[in-house]
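Colleague: My numbering numbers the first residue of the sequence shown as 268 and each following residue consecutively.
Glycine included, each C-beta is placed from N, C-alpha and C at the ideal position.
The structure displayed is predicted, hence computed values, not measured ones.
Okay, here's the structure, questions in a sec.
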Amino acid sequence: MNLSYFRHMKSSKEIVVSGIRPTGNLHLGNYMGAVKNFIKMQHDYRCYFFIADYHSLTTHPNPKDLHENVKTVLAEYLACGLDPDACALYIQSDLAQIPELYMILNMHAYLGELERVASFKEKARTQPNNINAGLLTYPVLMAADIIIHKAVKVPVGKDQEQHLEMARTFASRFNRMYESDIFPEPHAFNYGTELIKIPGLQGGGKMSKSDGDGNVINLTDSPELIRKKISRAVTDTGPVEPNSTPSQAIQNLFDLMQAVSTTDTLNHYKESHAKCNIRYGDLKKQLAEDMVVFLQPIREKIEAIKQDDVLLAKVAKIGAEKAMESANQTMREVRAAVGFKSF
Ligand code: TRP
């Protein structure tokens with residue numbers, strides 16, 4: 268791993284920043300969607316990807332769990348193919364420049380606008396005993412994460428649109444306030460909208476943990492667990508007319524098959540569905556076996572990396588160095604703009 272390659276990249280490529288929640292256990296949907304996107308981006312842009320452990324303090328995690336979760340997430344992203352040589356992959360709390368910028372931005376973030384943020388209102392409703400100031404100012408911290416590297420592209424899901432809009436507000440407000448042009452406007456970004464759809468196992472929409480662990484296939488699930496979850500996937504009573512459109516539950520299984528099985532296998536089951544002689548038990552068995560084979564190398568890699576404290580430490584260190592170089596540069600400009608001067 269070396270820094271010079273990254274310095275070389277610096278001049279021409281657009282800057283991408285994204286934060287990853289340290290909740291661990293990526294599932295197949297995360298992998299095919301978000302993670303694969305990152306893997307591609309790291310070569311096309313100057314990317315900063317970090318594990319958002321400051322953010323997670325809003326819910327007061329147990330310190331031991333927090334560290335374990337950060338480790339798991341780091342191992343998972345490395346196993347999936349994030350390359351610490353190609354991007355800056357770091358732990359948010361390694362950068363003291365982020366809370367410094369957050370604090371300064373807080374001076375220009377108003378109670379009224381923060382109280383109106385949907386994610387804050389939602390949290391205030393669901394955890395009325397823990398409506399802390401960190402929760403209120405979550406969008407300010409997120410803005411600091413993004414603009415500290417002067418990012419213009421932020422790969423995030425739809426649920427983060429409002430936070431991103433606030434990041435734009437805080438960035439341009441700072442520029443106006445201090446008559447500077449330090450911060451460009453960051454925008455949501457996702458390429459590869461053709462991304463393959465990964466549905467859940469319970470017959471509903473996309474694979475998501477919010478519908479329970481039985482709905483998702485985690486990258487670290489054992490072969491036995493994968494078989495069990497798929498055997499319990501929702502189906503229907505079977506096609507009655509030839510060439511009928513599969514129900515959503517069955518289409519979901521076909522979609523999963525498309526992600527992990529060969530085209531021949533998928534076509535075989537689609538044809539037997541069209542001919543009304545499909546046996547869902549066989550379909551599930553085949554899907555489970557293909558899923559096991561597909562995920563095995565990733566699972567083994569995650570396990571190996573998680574044990575390798577030397578590697579993890581090296582990755583975190585080089586990531587922090589790269590991120591700090593950019594953060595320090597921005598903070599020099601910010602401090603000068605607000606009027607902090609050394610005597
Ligand atoms: N709020 C984001 C989420 O919940 C995580 C995040 C924190 C983030 N800081 C960020 C995403 C900066 C993009 C850029 O998923």
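(1) Taking 8 Å as the threshold (C-beta atoms), are Leu-293 and Asn-221 in contact?
(2) Helix or strand or just coil, what does DSSP make of Phe-305?
(3) Determine the DSSP secondary structure at Ser-475, reduced to helix, strand or coil.
(4) Does the segment 591-601 come close enough to the segment 355-366 that 3 or more CB-CB pairs lie under 8 Å?
(5) Taking 7 Å as the cut-off, is the C-beta of Gln-553 nearer than that to any heavy atom in the ligand TRP?
(6) Does DSSP put Arg-392 in a helix, in a strand, or in coil?
(7) Quick check: what's the CA-CA separation for Lys-584 versus Tyr-357?
(8) With DSSP as the reference, label His-275 as helix, strand or coil.
(9) Taking its Cβ as the centre, do 16 or more other Cβ atoms sit within 10 Å of Arg-313, making it buried, or is it exposed?
(10) Pro-406: which of Thr-393, Pro-395, Asn-397 and His-375 sits nearest, CA to CA?
(11) Could you check whether the Cβ of Ser-323 sits closer than 7 Å to any heavy atom belonging to the ligand TRP?
(12) Within 10 angstroms of the Cβ of Gly-505, are there 16 or more other Cβ atoms? Answer buried if so, exposed if not.
(13) Thinking Met-299 and Ala-526 are a contact (beta carbons under 8 Å), I'd like their distance in whole angstroms, please.
(14) How would you call Pro-212, buried or exposed, if buried means at least 16 neighbouring beta carbons within 10 angstroms?
(15) Less than 8 Å between C-beta atoms, sequence neighbours within five positions excluded: which residues of the same chain meet that for Asn-373?
(16) Does at least one heavy atom of the ligand TRP sit under 7 Å from the Cβ of Arg-288?
(17) Got a sec? Which residues, its chain only, sit under 7 Å from Gln-515 by beta carbon, not counting five neighbours each side?
(18) Is Val-423 near the ligand TRP, in the sense that its beta carbon is under 7 Å from a heavy atom of that ligand?
(19) Start and end of the beta strand (DSSP E) containing Tyr-315?
(20) For the beta strand (DSSP E) that Leu-579 lies in, which residues bound it at each end?
(21) In whole angstroms, give me the CA-to-CA distance for Gln-359 and His-322.
(22) Going by other Cβ atoms of all chains shown within 10 Å of its Cβ, with 16 needed for buried, is Thr-512 buried or exposed?
(23) Using a Cβ-based criterion (distance less than 7 Å to any ligand heavy atom), does Ser-285 qualify as near the ligand TRP?
(24) Three-state secondary structure (DSSP) at Pro-513?
(25) Taking the alpha-carbon positions, what's the Ser-498 to Pro-490 distance?
Modeller: Short version:
(1) Residue 221 is absent from the structure shown; the chain starts at 268 and stops at 610.
(2) helix
(3) coil
(4) yes
(5) no
(6) helix
(7) 8 Å
(8) Its pLDDT being 44, under 50, His-275 is placed unreliably in this model, and the value from its coordinates should be taken loosely. Here His-275 sits in helix by DSSP.
(9) buried
(10) His-375
(11) no
(12) exposed
(13) 6 Å
(14) With the chain covering 268 to 610 only, the question about residue 212 has no answer from this structure.
(15) Thr-404 and Val-407
(16) yes
(17) Gly-470
(18) yes
(19) 313-318
(20) Not the beta strand (DSSP E): Leu-579 falls in the alpha helix (DSSP H), residues 576-605.
(21) 9 Å
(22) exposed
(23) yes
(24) coil
(25) 12 Å
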